[in-house]
Amino acid sequence: MEVLAFDYGDVRIGYAIASKKMKMAFAKGNIQNDHLLKESLRDLVDRYKPDEIVVGVPLRKDMSFTLATDKALLFSKLVYELIEMDVFLVDERYSTVYSQTSLRYAGRTVKNSKAIIDSESAKSIAEIYIHSPSWAFPFDLNTLDKSTLKSFIKQEASSVLYLQGGTRIFEVVKELDRSFSIYELNPYIYSVQRHLQIPENVSVYGFRFSVPDGYQLCQQGAHGSTG
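Quick note on my numbering: the sequence shown kicks off at 1047 and runs consecutively.
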């Protein structure tokens, strides 16, 4: 199979496999989220030999993050560093609804399906990935250095900044006499940064999937319009 998908949980982590060629996904089971997690992950990769790994990221309907979002992204980082292959993140806001609906159609309730619902959610995450690839984005740890950020802000007339990997942005803007609204496009970076003290001249710090027309994106290597 080409894809191995995960639905993160504090106790169990559901997993599913999928074929992009056949456009089909299959719920397979769960692994325990315990001290043997790394070994369990390696075993799954050895067994299914995927080309890509997908992890569901739970967001609120308004795209705001929760503790569950942070945990799923930390798990994604673990997988990314442990397994040397591409890891993709999928917005899973509706995957649990899809999996519960599938179970009801199969004559099962959420109450008597706790043992398989995590796996079914992983299947839904895999289906979203193979049928709607635009909903997925690659996990990466690339960050912007201070000189790139300073250059971008100097050239950018707008007080609304869109960044991809802006781990140093608070250090840069707190030295300026302008007010800013800042949006980060790397979900892992935003997950980490959102817990830091935000400078007084930053009125908004949020996450976005994309950049609106008319704005510039600051990213590693270059920055430019994404509209």
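C-beta: ideal position from N, C-alpha, C; glycine also.
- Residue pairing of isoleucine 1059 in beta bridges, as defined by DSSP: Ile1077.
- The segment 1048 to 1068 and the segment 1091 to 1107 touch, with three or more beta-carbon pairs separated by less than 8 Å.
- If only complete runs of 3 or more residues are kept, the segment 1172 to 1246 shows the beta strand (DSSP E) at 1182 to 1184, 1206 to 1209, 1226 to 1230, in order along the chain.
- Taken through DSSP and simplified to helix, strand or coil, serine 1122 comes out as helix.
- Beta-bridge analysis with DSSP links serine 1065 to Met1070.
- With a threshold of 16 other beta carbon atoms within 10 Å, arginine 1088 falls short and is exposed.
- Annotation: lysine 1095 to alanine 1168 spans about 17 Å, alpha carbon to alpha carbon.
- With respect to the C-alpha of alanine 1114, the residue from Asp1132, Val1057, Phe1198, Glu1127 having the closest C-alpha is Val1057.
- Straight across, the Cα-Cα distance linking phenylalanine 1185 with lysine 1220 is about 28 Å.
- The three-state secondary structure of aspartate 1089, taken from DSSP, is helix.
- In this structure the segment 1196 to 1208 touches the segment 1247 to 1267; the number of beta carbon pairs closer than 8 Å is three or more.
- Here the segment 1128 to 1139 makes contact with the segment 1171 to 1188; the two share three or more CB pairs at distances below 8 Å.
- Within its own chain, the residues whose Cβ lies closer than 6 Å to the Cβ of tyrosine 1208, once the five positions on either side in sequence are excluded, are Tyr1229, Val1257, Tyr1261, Leu1263, listed in chain order.
- Counting along the chain, the unbroken beta strand (DSSP E) around tyrosine 1251 starts and ends at 1248 to 1253.
- In its chain, beyond the 5 residues on either side, Ile1176, His1177 have a beta carbon closer than 7 Å to the beta carbon of lysine 1069.
- Burial state of lysine 1074 is buried, judged by a 10 Å Cβ sphere holding 16 or more other Cβ atoms.
- A residue is called buried once 16 or more other Cβ atoms fall within 10 Å of its Cβ, and glutamine 1239 is buried on that count.
- In this structure, serine 1249 lies near serine 1227, with their beta-carbon atoms less than 7 Å apart.
- For the pair valine 1218 and glutamate 1173, the Cα-to-Cα distance works out to about 41 Å.
- Isoleucine 1163 has no beta-bridge partner at all, per DSSP.
- By the neighbour-count criterion, in which a residue is buried when 16 or more other Cβ atoms sit within 10 angstroms of its Cβ, glutamine 1210 is buried.
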